[in-house]
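In this note's numbering, the protein residues as written are 472 to 920.
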């Protein structure tokens with residue numbers, strides 16, 4: 472019989488043949504499977520049951536057209552996707568992304584990662600993802616509404632509170648969730664509050680949902696720092712992005728005594744030597760829907776950069792919260808040279824394969840996204856619980872539950888790392904192994920389905 476590594480490579484070879492050109496998907500699967508050799512050696516039953524072959528193949532892929540009409544009466548057609556990847560632990564759960572880069576490969580990579588992220592939360596949710604190559608930037612509210620209604624018309628036959636529960640992601644916030652929920656309600660003729668999460672607080676949403684990914688990211692990073700006798704007090708932190716994850720990471724960092732000094736969007740990145748003015752950032756991004764360059768105009772201590780990397784700034788902790796592949800091997804080496812202690816991912820796969828290798832070969836604490844940014848889907852699951860019970864929990868109750876979930880995820884990673892590689896701080900192996908084992912055990916229990 473071949474070794475575990477040879478078996479993994481044979482599965483990857485088959486995946487590449489069956490999914491040609493889907494490079495993001497290939498990278499995501501490779502990143503998980505390459506760390507599972509010690510798991511397969513200790514659990515040969517997973518190989519006998521073809522768990523790898525089954526877990527890399529989505530249970531269902533939905534691809535549909537989304538026609539819509541702009542304010543000038545011009546017709547447009549976008550592509551809609553939903554990948555229902557694995558339901559061994561519960562109904563499919565994962566966000567919807569509206570961005571021009573969305574493709575089958577992107578959605579499959581995100582959906583595959585979601586399987587194990589959701590497993591780590593300890594909630595009864597499977598993995599899925601969806602979205603469209605629609606670009607919401609520059610569109611009017613009416614155009615956004617018409618697009619969302621058309622998108623939901625294509626999606627609604629495949630979702631439901633016991634089947635598949637989408638949420639938001641890049642380009643999909645409370646406004647878009649509202650429009651899609653309204654169309655779903657119209658189409659099915661009933662108020663099924665659990666079909667989407669990220670809803671408005673007045674009609675089934677949960678407190679802390681907007682803040683959850685950022686708050687959870689900081690909580691996970693805090694747990695990592697504490698393994699080395701440190702906390703966030705007095706630490707300088709670089710944050711990329713300026714959406715919900717970045718903004719609420721910054722908010723949580725400030726509450727813990729840290730000094731966040733950066734953020735970014737597609738127009739450039741800002742370094743603020745005095746620390747980020749959170750109120751000004753929120754005003755610009757959440758109220759005005761402006762660009763980070765507007766911040767610099769009103770903040771004398773801030774500098775706008777468009778021709779260098781945000782990761783060149785010497786910091787104690789780095790939190791990439793923008794998008795995939797924003798941090799490469801060169802950036803990782805620069806961060807390490809400048810003395811970074813910990814890096815944790817608020818975005819999905821923001822560090823490329825070379826960057827991950829650089830971090831893993833160093834003494835830097837590195838928290839991969841499937842563990843570090845699981846707070847968002849964790850609170851989505853808590854929203855589902857509240858919807859099922861027709862209850863609304865207090866802010867303090869949700870925040871305490873989120874904090875406990877992130878502590879538990881960190882503990883799972885440490886214990887799995889110790890069990891499978893003999894040390895507690897390999898968070899890549901730890902998160903992949905812990906999530907995979909939970910899914911694999913459920914799949915075996917449920918038979919060849």
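Beta carbons are placed, not taken as given, at the ideal position from N, Cα and C, and that holds for glycine.
Distance between residue 518 and residue 864 (C-alpha atoms, nearest Å): The sequence position of residue 864 within the chain shown is 393, counting from 1. The sequence position of residue 518 within the chain shown is 47, counting from 1. Taking the straight line joining both Cα atoms gives about 43 Å.
What separation, rounded to the nearest whole angstrom, lies between the Cα atoms of residue 810 and residue 496? In the chain shown, counting from the first residue as 1, residue 810 sits at position 339. In the chain shown, counting from the first residue as 1, residue 496 sits at position 25. Within the model, the alpha-carbon separation for residue 810 versus residue 496 is close to 32 Å.
Measure the beta-carbon distance from residue 559 to residue 856 and round it to whole angstroms, keeping in mind my assumption that it falls under 8 Å. On the chain shown, residue 559 is found 88 positions in, with the first residue counted as 1. On the chain shown, residue 856 is found 385 positions in, with the first residue counted as 1. Residue 559 to residue 856, Cβ: 20 Å. No contact.
Taking Cβ to Cβ, would you say residue 578 is nearer than 8 Å to residue 552? In the chain shown, counting from the first residue as 1, residue 578 sits at position 107. In the chain shown, counting from the first residue as 1, residue 552 sits at position 81. Their beta carbons are under 8 Å apart, which means residue 578 touches residue 552 by this criterion.
Quick check: what's the CA-CA separation for residue 840 versus residue 612? Here residue 840 corresponds to residue number 369 of the chain shown, with the count starting at 1. Here residue 612 corresponds to residue number 141 of the chain shown, with the count starting at 1. When rounded, the separation of the alpha-carbon atoms in residue 840 and residue 612 is 32 Å.
Identify, in the order they occur along the chain, each residue of the same chain with its Cβ nearer than 7 Å to the Cβ of residue 642, setting aside the five sequence neighbours on each side. As a first step, residue 642 must be located in the chain shown, where it is residue number 171. 568, 569, 570, 607.
So, under 8 Å CB-CB, residue 688 and residue 716 are touching, yes? Tell me the CB distance rounded to an integer number of Å. The residue labelled residue 688 in the question sits at position 217 within the chain shown. The residue labelled residue 716 in the question sits at position 245 within the chain shown. That belief holds up - the Cβ atoms of residue 688 and residue 716 are roughly 7 Å apart, short of 8 Å.
In terms of alpha-carbon separation, which member of 903, 766, 872 lies closest to residue 886? Counting from 1 along the chain shown, the entry for residue 886 is found at position 415. The option with the nearest alpha carbon to residue 886 is 903.
Check each candidate in 485, 528, 507 and name the one with the smallest Cα separation from residue 476. Here residue 476 is taken as the residue at index 5 of the chain shown, counted from 1. When the alpha-carbon of residue 476 is set against those of 485, 528, 507, the nearest one is in 507.
Who does residue 814 pair with in a DSSP beta bridge? For the purposes of this step, residue 814 is identified with residue 343 of the chain shown, where counting begins at 1. Looking at the DSSP output, residue 814 shares a beta bridge with 789, 837.
Please go through the same chain and pick out, in chain order, the residues whose beta-carbon is closer than 7 Å to the beta-carbon of residue 671, but skip the five residues on each side of it. For the purposes of this step, residue 671 is taken as the residue at position 200 of the chain shown. Closer than 7 Å at the Cβ level, and outside the excluded window around residue 671, lie 645, 649.
Taking all protein chains shown into account, do 16 or more other C-beta atoms lie within 10 angstroms of the C-beta of residue 654, making it buried, or fewer, making it exposed? Counting from 1 along the chain shown, the entry for residue 654 is found at position 183. Label assigned to residue 654: buried.
Selection from 788, 534, 491, 527 that minimises the alpha carbon distance to residue 838: Working through the chain shown from its first residue, we reach residue 838 at position 367. The shortest C-alpha separation from residue 838 is found at 788.
If the criterion is Cβ atoms closer than 8 Å, does the pair residue 591 and residue 880 meet it? The residue given as residue 591 occupies position 120 in the chain shown. The residue given as residue 880 occupies position 409 in the chain shown. Residue 591 is a Cβ neighbour of residue 880, given a cutoff of 8 Å.
Whose C-beta lies closer than 8 Å to the C-beta of residue 698 among residues of the same chain, with five residues either side of it excluded? Here the question's residue 698 lines up with position 227 in the chain shown. Correct list, in chain order: 836, 885, 895, 896.
Expected contact under 8 Å - CB spacing of residue 566 and residue 639 to nearest Å: Translated into positions along the chain shown, residue 566 becomes position 95. Translated into positions along the chain shown, residue 639 becomes position 168. Confirmed, Cβ separation roughly 6 Å.
C-beta atoms of residue 734 and residue 710 nearer than 8 Å: Your numbering for residue 734 matches position 263 in the chain shown. Your numbering for residue 710 matches position 239 in the chain shown. Result yes, Cβ atoms of residue 734 and residue 710 sit closer than 8 Å.
In whole angstroms, what is the alpha-carbon distance linking residue 658 and residue 484? Translated into the one-based positions of the chain shown, residue 658 becomes position 187. Translated into the one-based positions of the chain shown, residue 484 becomes position 13. A straight line joining the alpha-carbon of residue 658 with that of residue 484 spans about 43 Å.
Residue environment, residue 849, which counts as buried when at least 16 other CB atoms sit within 10 Å: If you number the chain shown from 1, residue 849 lands on position 378. Residue 849 counts as buried, since no fewer than 16 other beta carbons sit within 10 angstroms of its beta carbon.
Just to confirm the assignment, what range does the beta strand (DSSP E) spanning residue 518 have? By 1-based counting over the chain shown, the position of residue 518 is 47. That residue, residue 518, is in no beta strand (DSSP E); its alpha helix (DSSP H) goes 515 to 519.
Residue(s) in a DSSP beta bridge with residue 776: Sequence index remark: in the chain shown, residue 776 carries index 305 (1-based). DSSP, once it has assigned bridges, lists 740 as partnering residue 776.
Helix, strand or coil, according to DSSP, for residue 550 in the structure here? Position 79 of the chain shown, counting from 1, holds the residue named residue 550. Assignment of residue 550 by DSSP, reduced to helix, strand and coil, places it in the strand class.
Thinking just about the alpha-carbon of each residue, which of 720, 915, 776, 796 is nearest to the one in residue 844? Locating residue 844 in the chain shown gives position 373, where the first residue counts as 1. Distances from the alpha-carbon of residue 844 to those of 720, 915, 776, 796 put 720 closest.
Under DSSP, the alpha helix (DSSP H) around residue 752 begins and ends at which residues? As a position in the chain shown, residue 752 is number 281, starting the count at 1. Element bounds for residue 752: 749 to 753.
Taking 8 Å as the limit between beta carbons, can you name the residues of its chain near residue 805, skipping five residues before and five after? By one-based count along the chain shown, residue 805 stands at place 334. For residue 805, where only same-chain residues beyond five positions count, the Cβ hits under 8 Å are 780, 782, 783.
Measuring straight from C-alpha to C-alpha, what distance separates residue 898 and residue 888? Here residue 898 refers to the residue found at position 427 of the chain shown. Here residue 888 refers to the residue found at position 417 of the chain shown. The straight-line gap separating the alpha-carbon atoms of residue 898 and residue 888 is approximately 7 Å.
Report the rounded CA-to-CA distance for residue 623 versus residue 633, giving the unit in angstroms. Along the chain shown, read from residue 1 onward, the residue named residue 623 stands at position 152. Along the chain shown, read from residue 1 onward, the residue named residue 633 stands at position 162. Roughly 17 Å between the two C-alpha positions.
Below 8 Å on the Cβ atoms is my guess for residue 598 versus residue 589; work out the distance and round it to an integer in Å. As a position in the chain shown, residue 598 is number 127, starting the count at 1. As a position in the chain shown, residue 589 is number 118, starting the count at 1. Contact between residue 598 and residue 589 holds: CB atoms are separated by about 5 Å, below the 8 Å threshold.
For residue 842 versus residue 652, is the C-beta distance shorter than 8 Å? To locate residue 842, count along the chain shown from 1; it is residue 371. To locate residue 652, count along the chain shown from 1; it is residue 181. Taking 8 Å as the Cβ cut-off, residue 842 and residue 652 do not qualify as a contacting pair.
When 910, 915, 914 are compared against residue 593, the one with the closest alpha-carbon: For this step, residue 593 is matched to residue 122 along the chain shown. For the residues 910, 915, 914, the minimum Cα distance to residue 593 belongs to 910.
Please name the residue in 524, 747, 791 whose C-alpha comes closest to that of residue 773. Here residue 773 refers to the residue found at position 302 when the chain shown is read from its first residue. Nearest to residue 773 by alpha-carbon distance, out of 524, 747, 791, is 747.
Taking Cβ positions, are residue 669 and residue 676 nearer each other than 8 Å? Working through the chain shown from its first residue, we reach residue 669 at position 198. Working through the chain shown from its first residue, we reach residue 676 at position 205. Taking 8 Å as the cut-off, the Cβ atoms of residue 669 and residue 676 count as close.
Contacts around residue 547, its chain only, beta-carbon distance under 6 Å, and the 5 residues preceding and following it disregarded: The residue you call residue 547 lines up with position 76 of the chain shown. If we look at residue 547 and ignore the five residues flanking it on each side, its Cβ neighbours are 539.
DSSP three-state assignment for residue 806, whether helix, strand or coil: Residue mapping note: residue 806 aligns to position 335 of the chain shown, counting from 1. Residue state, collapsed to three classes: helix.
DSSP on residue 628, reduced to helix/strand/coil? To locate residue 628, count along the chain shown from 1; it is residue 157. Of the three classes helix, strand and coil, the one that applies to residue 628 here is helix, per DSSP.
Mind reading off the beta-carbon distance from residue 486 to residue 500? Whole number of angstroms is fine, and I expect it under 8 Å. Here the question's residue 486 lines up with position 15 in the chain shown. Here the question's residue 500 lines up with position 29 in the chain shown. Taking C-beta atoms under 8 Å as the contact rule, residue 486 and residue 500 qualify, at a distance of about 6 Å.
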